[in-house]
Structures are given as C-alpha cells and as structure tokens.
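Residue numbers for the sequence shown, in this note's numbering: 6 to 357. Beta carbons are placed, not taken as given, at the ideal position from N, Cα and C, and that holds for glycine. Computed from a prediction, not measured in an experiment: that's the story for all the values here.
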Amino acid sequence: MSAGNSPVDPKEDMGVKTSQDAKFYGLSRKFEKPFSNLGKTIVIQFTVKHEQNIDCGGGYIKLLGSDFDQTQFHGETPYKIMFGPDICGLSTKKVHVIFNYAGKNNLIKHEIRCKDDELTHLYTLIVRPDNTYEVLIDNVSERKGNLEDDWDMLPPKMIEDESVKKPDDWVNEPDMDDPEDKKPEDWDKPKTIPDPKAKKPDDWDDEMDGEWEPPQIDNPDFKGEWMPKKIPNPKYSGPWVQPKKTNPNYKPDPLLYKYDDIAAVGFDLWQVKSGTIFDNVLITDDVEIAKQEGEMLWRSRLKGEEEIKRLKEEEDSKKHAEDKIKEEEEKDIEGKISEKTEDKEPEKHDEL
6 MSAGNSPVDP
16 KEDMGVKTSQ
26 DAKFYGLSRK
36 FEKPFSNLGK
46 TIVIQFTVKH
56 EQNIDCGGGY
66 IKLLGSDFDQ
76 TQFHGETPYK
86 IMFGPDICGL
96 STKKVHVIFN
106 YAGKNNLIKH
116 EIRCKDDELT
126 HLYTLIVRPD
136 NTYEVLIDNV
146 SERKGNLEDD
156 WDMLPPKMIE
166 DESVKKPDDW
176 VNEPDMDDPE
186 DKKPEDWDKP
196 KTIPDPKAKK
206 PDDWDDEMDG
216 EWEPPQIDNP
226 DFKGEWMPKK
236 IPNPKYSGPW
246 VQPKKTNPNY
256 KPDPLLYKYD
266 DIAAVGFDLW
276 QVKSGTIFDN
286 VLITDDVEIA
296 KQEGEMLWRS
306 RLKGEEEIKR
316 LKEEEDSKKH
326 AEDKIKEEEE
336 KDIEGKISEK
346 TEDKEPEKHD
356 EL
C-alpha cells in the first residue's frame, strides 16, 4: 500500500502500488456472494495513477466467476469482463474493453485512447440491460454504443452472396485513353546523346584503342514514353459491390450483456516499469452513485496533483534559471582571472 511520492492527502490517497519492475502481479478478492446483472446495469469503476511515467504495463481490472481459484490467478485464467488502460511504447495507449461470450474473449472494435501522464485518472465502464455500453475517463464519455455493433460476439447479420457473380461486361476502369489524342511527330527522341563538349584525348591511338566515341549524356529533349491523355470512360459501371444476403447462422441475443455468476474482482498485470497505484474500486448497478463517488474521491485528488505538479515545474524552472545565472557568473569570473594573468608584467631581476 502506498499514497505515492507526492500525495495530496497521505491517508486518502493510499492505494495498491506495484513495487518491482518487470514482474507479473495478481491481486484479487471474492465477493461475499456471487451475483448476476440480469435486468440490471453494471458499473465497473476504479482509479489509476502511473506516477512512474510508465513505458510498458497493464492497468486493467477483471471480473471473474465463482470457479476462480485465487491461488492460481494468471493471464490464462478465464474471466468475464476485462476493462482498463494498457500502455506499451508509443504504439499502444488504449483502454481495453473485453467481454467473454460463448467461451471467447471479444475485443472492442474501436480504439479508445487512455491517459498516459503521471496523474490519477478515473476509468468507468457502464453496461446496460438494453445491450448498450459507455466508457468514461474522468467522468467524460469517450465511447458509447451497442454491444452487438462494437464487438464480434455474434455472427454478422448479413454476409456476401457468393452465388452472385460480377457480370462479364462490367467495366471497372473509370478512365480511358482519349482515342483522338495523337502522339506529336517530334516526340520520339533518344534517351541519351553523345556529349558535344567531349574531345578525343590527345594520346588516343585509334589503332591501339579503337575508334574513339564521345561519352553519352542525358538528352534534354527526351520526353519518355508517350501516353495518351485520359478521359472519363462512358462505359464505366462503377465499383462492383458483392450483394449481401441474410446470414442463416445469425441469431440475435437480447442477453449479450448478462453474466450469471460474477463472484470476484482482480488485477492480473505485467509491468515493465512498476509504480502504478490502483484505488477506489467500485462495482455497482447505480450509475449516479458511481458518478458521485468518482467525483468525490477523484476530482479533488486530481486538482491537488495538478497543483503539486505546477509548483514542482515552477520550482524546477526557477532552479534551472538560478543554475544558469550561477554558471554564467562563474564563467565571467574565470574570464576576468584569465585577463589579469595575461596583463601582469613579468618580474624584473638585476643582473649579477
């Protein structure tokens, strides 16, 4: 447990902190009684602070079933929902939203960018019984939509009708050569020509060296291969789009959102650079309570951290300026000492 390096409130900011680099972490807790979200909204919310300026590491949370063995918690442990930020280098800075459906982990089809600074941020996932969802960061909506549309949990409603073939006379080219465009008579020129400025060397011997030929240079009049100009093709049929048909394997599921056996919550992470602080974990069915709790526990902390950061930047800037002045003064003193040494007359001694 740690409140971090520069806590706003050492007591209130206390959270679970990763402490060793290049390690796997597993932390979990089972609920007193498993529950189902049938007919209810479920909200997953927690705060994450990457105060170590993380370069690669996870920051996500998982909901698990009653068959979950806490002593064997690892990356292959089955889970129901995984949600939270993941950062690795410059390319991966996203929020994972993964739902297990029919034994398969399904990733969201859209990119949601996570926060990558060193401040505390609030992550919230809302899943509603109408199969809609919303992802919020710092109580600001970042993405919302429909479970069926934004995950591949179900087969597509429509599939391409392979029985329909593109007509043989379908014209794919939108442009064509202009039949009236003719190549100019003086177009064809050689690519290279003898260098008119070249002179046969004085020591050139035709009998020994063969007949002298000037070297070739690029022909400034060479225009390349002639191509007729393009005009719109009057027979262009447009892009061919494969017709679609109803997928016989598609069956809607009004209970995509539902999990019958939610029994535990946990963090299963790999971090190259440790120092992340997790806090304020909340699993509820009340969106308004989640919002209020988030504002109360997170908003003042963020404002305090921003103020601490501002003061630290001002202090660093001031120290940098003072160090710069000191460095210039030291250079000035060294310069004056050097000038005095050069100007000093050598001592004269009487000859014996």
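By the 10 Å Cβ neighbour count, where 16 or more other Cβ atoms means buried, how is residue i classified, buried or exposed?
{"i": "Gly-63", "result": "buried"}
{"i": "Phe-73", "result": "buried"}
{"i": "Thr-76", "result": "exposed"}
{"i": "Tyr-30", "result": "buried"}
{"i": "Ile-330", "result": "exposed"}
{"i": "Ala-4", "result": "Residue numbering for the chain in the displayed model covers 6 to 357; residue 4 lies beyond these limits and cannot be assessed."}
{"i": "Val-169", "result": "exposed"}
{"i": "Met-213", "result": "exposed"}
{"i": "Gly-20", "result": "buried"}
{"i": "Glu-56", "result": "buried"}
{"i": "Tyr-264", "result": "buried"}
{"i": "Gly-271", "result": "buried"}
{"i": "Ala-203", "result": "exposed"}
{"i": "Leu-357", "result": "Caution applies to Leu-357, whose pLDDT of 42 falls short of 50 and renders its modelled position unreliable; the value that the coordinates give is listed next. It is exposed - the Cβ of Leu-357 has fewer than 16 other Cβ atoms within 10 Å."}
{"i": "Trp-192", "result": "exposed"}
{"i": "Glu-310", "result": "buried"}
{"i": "Leu-369", "result": "No information on residue 369 is available, as it lies outside the stretch 6 to 357 that the chain covers here."}
{"i": "Asn-105", "result": "buried"}
{"i": "Asp-284", "result": "buried"}
Would you mind working out which of the options sits nearest residue i, comparing C-alpha positions?
{"i": "Leu-307", "options": "Tyr-241, Asp-273 and His-126", "result": "His-126"}
{"i": "Val-176", "options": "Pro-244, Trp-209 and Gly-150", "result": "Pro-244"}
{"i": "Pro-233", "options": "Phe-29, Glu-216 and Asp-180", "result": "Asp-180"}
{"i": "Pro-259", "options": "Gly-271, Ile-103 and Asn-151", "result": "Asn-151"}
{"i": "Pro-257", "options": "Ile-92, Val-132, Asp-157 and Lys-28", "result": "Asp-157"}
{"i": "Pro-189", "options": "Gly-280, Trp-231 and Lys-109", "result": "Trp-231"}
{"i": "Ile-47", "options": "Asn-254, Tyr-262, Asn-285 and Pro-39", "result": "Tyr-262"}
{"i": "Asn-136", "options": "Asp-337, Asn-42 and Leu-32", "result": "Asn-42"}
{"i": "Tyr-241", "options": "Asn-285, Leu-302, Trp-192 and Glu-178", "result": "Glu-178"}
{"i": "Gln-25", "options": "Pro-201, Gly-280 and Ile-49", "result": "Gly-280"}
{"i": "Ile-117", "options": "Gly-89, Asp-60 and Gly-271", "result": "Gly-89"}
{"i": "Ile-222", "options": "Ala-203, Lys-228, Pro-199 and Lys-324", "result": "Pro-199"}
{"i": "Lys-205", "options": "Pro-195, Glu-216 and Thr-197", "result": "Glu-216"}
{"i": "Phe-78", "options": "Lys-187, Pro-220, Leu-32 and Asp-122", "result": "Leu-32"}
{"i": "Asn-238", "options": "Pro-184, Met-87 and Val-102", "result": "Pro-184"}
{"i": "Asn-224", "options": "Asp-207, Lys-249, Lys-194 and Lys-187", "result": "Lys-194"}
{"i": "Val-132", "options": "Glu-334, Ile-103, Leu-159 and Asp-122", "result": "Ile-103"}
Please look up how many angstroms separate the CB atoms of residue i and residue j, rounded, as I've assumed it's under 8 Å.
{"i": "Lys-85", "j": "Ile-267", "result": "6 Å"}
{"i": "Lys-120", "j": "Ile-142", "result": "6 Å"}
{"i": "Tyr-247", "j": "Thr-23", "result": "It should be pointed out that residue 247 corresponds to Gln in this sequence rather than to Tyr. About 50 Å separates the two Cβ atoms, so there is no contact after all."}
{"i": "Gly-70", "j": "Pro-134", "result": "Not confirmed; about 20 Å, so no contact."}
{"i": "Glu-300", "j": "Asn-144", "result": "6 Å"}
{"i": "Val-100", "j": "Val-53", "result": "Incorrect: roughly 10 Å between the Cβ atoms, too far for contact."}
{"i": "Asp-273", "j": "Gly-80", "result": "6 Å"}
{"i": "Lys-235", "j": "Asp-182", "result": "7 Å"}
{"i": "Ile-59", "j": "Lys-278", "result": "5 Å"}
{"i": "Leu-287", "j": "Phe-36", "result": "Wrong, their Cβ atoms sit about 13 Å apart, outside the cutoff."}
{"i": "Glu-165", "j": "Lys-249", "result": "6 Å"}
{"i": "Tyr-65", "j": "Pro-160", "result": "Actually they do not touch by this definition, with Cβ atoms about 27 Å apart."}
Can you tell me which of the three DSSP states residue i falls into?
{"i": "Val-100", "result": "strand"}
{"i": "Gln-50", "result": "strand"}
{"i": "Leu-287", "result": "strand"}
{"i": "Val-292", "result": "helix"}
{"i": "Leu-357", "result": "Because Leu-357 sits at a pLDDT of 42, beneath the cut-off of 50, its placement in the model cannot be relied upon, and the point is left open."}
{"i": "Arg-118", "result": "strand"}
{"i": "Leu-124", "result": "coil"}
{"i": "Lys-323", "result": "helix"}
{"i": "Ile-113", "result": "coil"}
{"i": "Asp-265", "result": "coil"}
{"i": "Leu-130", "result": "strand"}
{"i": "Gly-309", "result": "helix"}
{"i": "Asp-297", "result": "Residue identity differs from the one stated: residue 297 is Gln in this sequence, not Asp. Helix, per DSSP."}
{"i": "Leu-274", "result": "strand"}
{"i": "Lys-250", "result": "strand"}
{"i": "Lys-22", "result": "strand"}
Step through the CB atoms of chain D and report whether any lies within less than 7 Å of the CB of residue i.
{"i": "Asp-321", "result": "No chain D is present in this structure, which holds just one protein chain."}
Every unbroken alpha helix (DSSP H) inside the region 203 to 240 [4 residues or more]: If one requires a minimum length of 4 residues, the alpha helix (DSSP H) runs lying completely within the region 203 to 240 are 211 to 214, in chain order.
Contained alpha helix (DSSP H) runs [length at least 4] in the region 139 to 184, N- to C-terminal order: 152 to 155
4 or more residues per run - each alpha helix (DSSP H) lying fully within the region 28 to 100: none
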